[in-house]
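If you use UniProt numbering, the sequence shown corresponds to residues 1 to 691, in order.
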Amino acid sequence: MKMQKTRPNGTRGYAYVRVSKDFVAQDTRSQEQAVAKWLADRSLNVVETVHDAGSRDLSHKRPGFQQLIQLVQAGKVDWIVVAERDRWGVSDNEEWGYFVTILRRANCTLWSVADDKDLTSRDDRVEPFMAAITSDRSRSEQEARSQREHRSKMALVQRGEVSGGKAPYGYDYVCRQGPDGPVLWRLVYEPGHYRRVCHFPDGTSRRYDGKGNVPARSKGELLFCERSTDPAITGCVERIFRLFANGYNCHTIAARLNDEKVPALYKDHWVGPTIIHILRNPVYALGVPVWNKAAHGRFVEFEGGEWRPVQRSGGRVKAGRRRATTDHVRAAAAKPENAIVDPDTWQAVQARLQAQEAAPKAERRPRNPDLYLSGLVVCSDCGERMVGWSQQKGYKCSRNMHYKGGCRCNTTRHGTLEALVLRYLEETEQALGFLYETPDYCRAVLELEAEETPLSAEYTRSLGALWRQARDRRLTPPVAGTQDQPVWTLQKLQAAVGTARPKAERDLDAKVRAKEAEKASLTLALRHVRDEESAADLARQLDAANADLRRLRGQARPADDRLEALRQQIRTLLNRTEQVRRNVATALPLQKGEYIRRVVRQIRVIHDARPLGRLRSSRLVGVEIIPRLGEGRAYRDGKDFDATPPPPPAVDWDHRPYGTPAQWRECKTVVVGTEAGGSDLSDEGWPVRGK
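Encoded structure:
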């Protein structure tokens, strides 16, 4: 008698297929065929086959798995089938039990084709032990594989080769036939997401765009990280280090690069963290790649000269954990000829970075002074603090932000909380009105005003001198203004004066650029040549080109020394006035936050229950303000949220004849009058004084 095969109950079935990593070309056909045969033998059909990619211990990062669990919790799934037990993918026995409990509560069963049984059955007493053994064995295999991969990367870097990942900004990947062999190809990264072009010695090229798409290598072909042949890119790296060593912060440098339309390599635009990442990378000073700058492993890590298991906190591992310089792994010998930054600049930059990290938090500039309630706001659902969220101008629950689970992504606008806190202070006769008349605040504003007045006069005088240079050279304004007035932008005015230089100076600049191109060509040819006689000849030509370049640069001088001084003066003034503007904009919110912290101990926000399956944050329904002394207040939505206090008094800029520092920084328009007896130059309509 033929034994009847066990089959699940219900018609709402789903198949789940998973590959280990999205960048590994694993074939899911075998899993799909095994599941299809299992379904055909039992005359079953599935509603959908859910495909997923990701490691088994990162279930929270697998969208297909999370979608399937949400359907189970909503009661829309009767059973799930997988090819093997490990395709379900959980980190350990505890997580396995957690998801099995979810399935059981929803009356959903999980079937394994390889085991041919229900893995959630309550009658199977052996299954919990099998799950524990399987999870522990899989965990051990992952740890061993992780350590093998790390040891392999360490060995590559110690030989001076590339261990993987993206090329640092300013460097290319070069494939050679052996350590000192000829160049087989050069992989150049272009601005954008995963855009690469491979250049071959015969002059041909081929694109390799997309994640994980790189040229294949044969046995004996080695990959090295070498300095880019594009002088614009290497010059940008040198400029980043030079600006930071001269006192500019990373965000100012990023803003300047964006204003100048310098293409960013790995993002759409330059940001502060990218600048910091470049400044901390030792490859720019050593010329060789460095491994273990930051630990990203989930199982083992190399720290203190030995391998050790990763220390977890709250069940998760924080990526990007920075390592001490003593734990860095690199080749035994550096390559100064491959470095971009000189040792003195590198040491100055590292000293400033260390000084910033050693500074107390109270001395550091806040990330966003407008969110001055950070540290007071608490989520009532989980009890965790809510951290500032600059993008949404509000606060977000830290438990959800760090993937701890148990909270439903509660967010709150800063404006709503600020209005309620100021109302509470008014009702309890603790208003902030006196804050604006305190001697400290008035003294700070007066000091800023005293510094601003001479700066504004000097700024307008500089603009007037710059325009007079354009007028003397009879330059035509590029834009037609209102009321028959020609209008200049400051950038176009500077560019016009710069391009209207004497012919001798322009010819000299052209010779310098041509000689720089010749030097770059000779340097590239010297790297590729293998014949000693040819190499010696190229070296002599390169020395001659360097001598000519030094001579030409010595001859290159501004046609008008006064104009060059004015340009430098304008740049200095813009930086100083930007600092004044930032101080004024930051002082008041910080003082408000300090005063509120003396009065209020905690601000609890209450949200309504979010419907199951809804991804967006829940609605704010109440706010409780808990003071340090006395009774607190509770405010409810619809009843108390409408009343808003009058806005605090703002700094009055109207009495200033030269506009605001923000207007100076933007420098949008410069209006040049044509009245007889002289010319008026203004910025955003402000009159020019002190000529």
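Cβ atoms here follow ideal geometry from the backbone N, Cα and C, with glycine treated the same way.
Keep in mind that this is a model prediction, so the values were computed, not measured.
Taken in chain order, the whole alpha helix (DSSP H) runs of length 4 or more contained in the stretch 24 to 81 are 29 to 41, 63 to 73. DSSP assignment within the stretch 265 to 307 yields the following whole beta strand (DSSP E) runs of 3 residues or more, N-terminal first: 300 to 303. Contact between E301 and V310 holds, since their C-beta atoms are separated by about 5 Å, short of 8 Å. Judged by DSSP secondary structure, Q602 falls within the beta strand (DSSP E) whose first and last residues are 600 to 607. Taking the CA atoms as reference points, V283 sits about 34 Å from G388.
At a cut-off of 4 residues, the continuous stretches assigned as alpha helix (DSSP H) that sit fully inside the stretch 204 to 254 are 231 to 245. Here G160 carries a coil assignment [DSSP, helix/strand/coil].
Within its own chain, the residues whose Cβ lies closer than 8 Å to the Cβ of Q158, once the five positions on either side in sequence are excluded, are V329, R330, A331, A332, listed in chain order. By the neighbour-count definition (other C-beta atoms within 10 Å, threshold 16), H269 is an exposed residue. By DSSP's assignment, R413 forms a beta bridge with G394. Exclusion of the five residues before and after V512 leaves L549, L552, R553, A556 as the residues of its chain whose Cβ lies within less than 8 Å of its Cβ.
Counting along the chain, E84 sits inside no beta strand (DSSP E), nor does DSSP assign it H or E at all. Annotation for T345: the continuous alpha helix (DSSP H) segment containing it runs 343 to 358. With contacts defined by Cβ atoms closer than 7 Å, L279 and F244 form a contacting pair. Per DSSP, the unbroken beta strand (DSSP E) holding I625 starts and ends at 620 to 627. With respect to G170, V214 sits apart: the two C-beta atoms are not nearer than 7 Å.
G165: not part of any beta strand (DSSP E); DSSP gives it neither H nor E. Contact between D86 and S30 does not hold, since their C-beta atoms are separated by about 14 Å, which reaches or exceeds 8 Å. In the three-state DSSP reduction, E631 falls in the coil class, being neither helix nor strand. With a threshold of 16 other beta carbon atoms within 10 Å, M386 meets it and is buried. Taking C-beta separations shorter than 6 Å and ignoring five residues to either side along the sequence, the partners of L156 in its chain run S163, following chain order.
Secondary structure at S121: coil, using DSSP grouped into helix, strand and coil. Around the Cβ of K592, a 10 Å sphere holds 16 or more other Cβ atoms; the residue is buried. For the options C225, R195, D209, F129, the alpha carbon positioned closest to that of R176 is the one of C225. DSSP places R7 outside any beta strand (DSSP E), giving it a letter other than H or E. For a cut-off of 8 Å, the C-beta gap from W307 to K153 is around 13 Å, too long to register as a contact.
With a cutoff of 7 Å on beta-carbon distance, E624 and R601 are scored as not near each other.
Within the same chain, and ignoring the five residues on either side of I102 in sequence, the residues whose Cβ sits closer than 7 Å to its Cβ are I69, V72, Q73.
Excluding the 5 residues flanking it on each side, V100 has same chain C-beta neighbours closer than 7 Å at T120, in chain order. In the three-state DSSP reduction, T109 falls in the strand class (E or B).
The C-alpha of I80 is placed about 11 Å away from the C-alpha of N45. Taking 7 Å as the cut-off, the beta carbon of R12 is found closer than this to the beta carbon of D78. A straight line joining the alpha-carbon of R323 with that of H251 spans about 24 Å. By the CB criterion at 7 Å, V35 and A83 fall inside the cutoff.
Taken through DSSP and simplified to helix, strand or coil, D202 comes out as coil.
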